[in-house]
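**Q** I am attaching a structure below and will ask some questions about it afterwards.
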Amino acid sequence: MLDKLFVLSQYLTPQLALSRLAGRLADSDRSPALKNRTIQWFIDRYGVDMSEAAEPDPTAYPTFNAFFTRALKPGARPVAGGDEVLVSPADGAISQLGEVTGDRVFQAKGQSFSLVELLGGDPQRAEPFAEGAFATIYLAPRDYHRIHMPVAGQLREMIHVPGRLFSVNPATAANVPNLFARNERVVCLFDTAAGPLALVLVGAMIVGSVETTWAGVVVPGSGPVTECRYQDDKAIRFAKGEEMGRFRLGSTVIMVMPKGRVHWNRDQVPGKAVRMGEAFGTLA
1 MLDKLFVLSQ YLTPQLALSR LAGRLADSDR SPALKNRTIQ WFIDRYGVDM
51 SEAAEPDPTA YPTFNAFFTR ALKPGARPVA GGDEVLVSPA DGAISQLGEV
101 TGDRVFQAKG QSFSLVELLG GDPQRAEPFA EGAFATIYLA PRDYHRIHMP
151 VAGQLREMIH VPGRLFSVNP ATAANVPNLF ARNERVVCLF DTAAGPLALV
201 LVGAMIVGSV ETTWAGVVVP GSGPVTECRY QDDKAIRFAK GEEMGRFRLG
251 STVIMVMPKG RVHWNRDQVP GKAVRMGEAF GTLA
């Protein structure tokens, strides 16, 4: 009952206005004392491990978002070697993983979402991933919130899809149909040695914005789907484990690859905690 009331409240909440306000407050440096109290409350409330942060002093961060997107100490997240090894792109917990069935991607018991809609509504863009493999990783508030490349690749296209901003926690995933294809998201398409790779950064309630290393901050908003291609002189290449984006107040990342191009490791199962850089699958 409480879960259903929580989900219902999200339909009634002005999601975009609330998220924009949260983003402005998280970027504000007007009150250092309030900022410091907020950061310390967050650390205590969610059990954030500051010992692995590059800057372990919470008061050294100029804004809450600077703290939230903090870098880690060198070596804190070793990246599993081997050209055939695909690694986790983020810290978090596996929500789901498996195979795409037709156009449907499993979300939670009784719920799924459209692959075509997830990738921005273009059937041709989604076609290479039909019957492919997917993995959904949920980033909790305590997690490290930078996203890294699971395999070396070259950026081909970025698609910004405006949408709703429902929470992406397990209770909402179990009760909101088509959740990840309804929420605002940034779709990043890469070419890799094992074929195309889609990394989808999904926005959520209170997420101030999503950021990529090449385009900067993508602020939540309304309007049409926008596309940007990166080819020839605009080519952007990434090594495995290299940072490609971050959540300015956390959310979910979804990986999708074509059929037969990756096999998830047997120990990677829904509910398992993962860390960026650990071996996640084997590329064909």
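Numbers 1 to 284, taken from my numbering, label the letters of the sequence shown in order. Backbone N, C-alpha and C define an ideal beta-carbon position, used for all residues, glycine too.
In the structure shown, what three-state DSSP assignment does Arg-37 receive?
**A** Residue state, collapsed to three classes: helix.
**Q** Does the Cβ of Pro-89 have 16 or more other Cβ atoms within 10 Å, making it buried, or fewer, making it exposed?
**A** buried
**Q** Could you say which of Ser-31, Ala-33, Val-262 lies nearest to Val-151 if we only look at CA atoms?
**A** If we check each option's Cα against that of Val-151, Val-262 comes out closest.
**Q** Quick check: what's the CA-CA separation for Gln-40 versus Pro-258?
**A** 43 Å
**Q** Out of Gly-195, Gln-96, Arg-237, which one is the CA nearest neighbour of Thr-213?
**A** Arg-237
**Q** According to DSSP, is Val-187 part of a helix, a strand, or is it coil?
**A** In the three-state DSSP reduction, Val-187 falls in the strand class (E or B).
**Q** For Gly-281 and Ala-93, which I take to be in contact (beta-carbon distance under 8 Å), what is that distance rounded to the nearest angstrom?
**A** Wrong, their Cβ atoms sit about 17 Å apart, outside the cutoff.
**Q** Which stretch, first to last residue, makes up the alpha helix (DSSP H) that contains Arg-125?
**A** 123-126
**Q** Which same chain residues, not among the five before or five after Asn-36, have their C-beta less than 8 Å away from its C-beta?
**A** Pro-58, Thr-59
**Q** In terms of alpha-carbon separation, which member of Asp-191, Asp-233, Tyr-138 lies closest to Gly-203?
**A** Here the closest residue by C-alpha is Tyr-138.
**Q** Using a Cβ-Cβ cut-off of 8 Å (strictly less than) and excluding sequence neighbours within five positions of Gly-223, which residues of its own chain qualify?
**A** Pro-162
**Q** What do you get for Gln-124, buried or exposed, if any count of 16 or more other CB atoms within 10 angstroms of its CB means buried?
**A** Looking at its Cβ environment, which holds fewer than 16 other Cβ atoms inside 10 Å, Gln-124 is exposed.
**Q** Taking the alpha-carbon positions, what's the Glu-184 to Leu-201 distance?
**A** 9 Å
**Q** Report back the beta-carbon spacing between Ala-54 and Arg-70 to the nearest angstrom; my notes put them in contact at under 8 Å.
**A** 7 Å
**Q** Considering only C-alpha positions, which residue in the set Phe-42, Ala-279, Tyr-144, Glu-227 is nearest to Arg-156?
**A** Glu-227
**Q** Note down the Cα distance separating Leu-21 from Ser-209, rounded to an integer number of angstroms.
**A** In this prediction, Leu-21 scores a pLDDT of 44, lower than 50, which makes its location untrustworthy; the coordinate-derived value is nonetheless stated afterwards. Whole-angstrom Cα-Cα distance: 11 Å.
**Q** DSSP puts Pro-196 in a beta bridge; with which residues?
**A** Its beta-bridge partners are Asp-191.
**Q** What are the start and end residues of the beta strand (DSSP E) that includes Phe-180?
**A** Phe-180 -> no beta strand (DSSP E), and no H or E assigned at all.
**Q** With which residues is Val-100 paired in a DSSP beta bridge?
**A** None; Val-100 has no bridge partner.
**Q** Please state the DSSP three-state secondary structure of Gly-23.
**A** Only weak support is given to the placement of Gly-23: the predicted model assigns it a pLDDT of 49, under 50, and the value that follows is read from those uncertain coordinates. In this structure, Gly-23 counts as helix in the three-state DSSP scheme.
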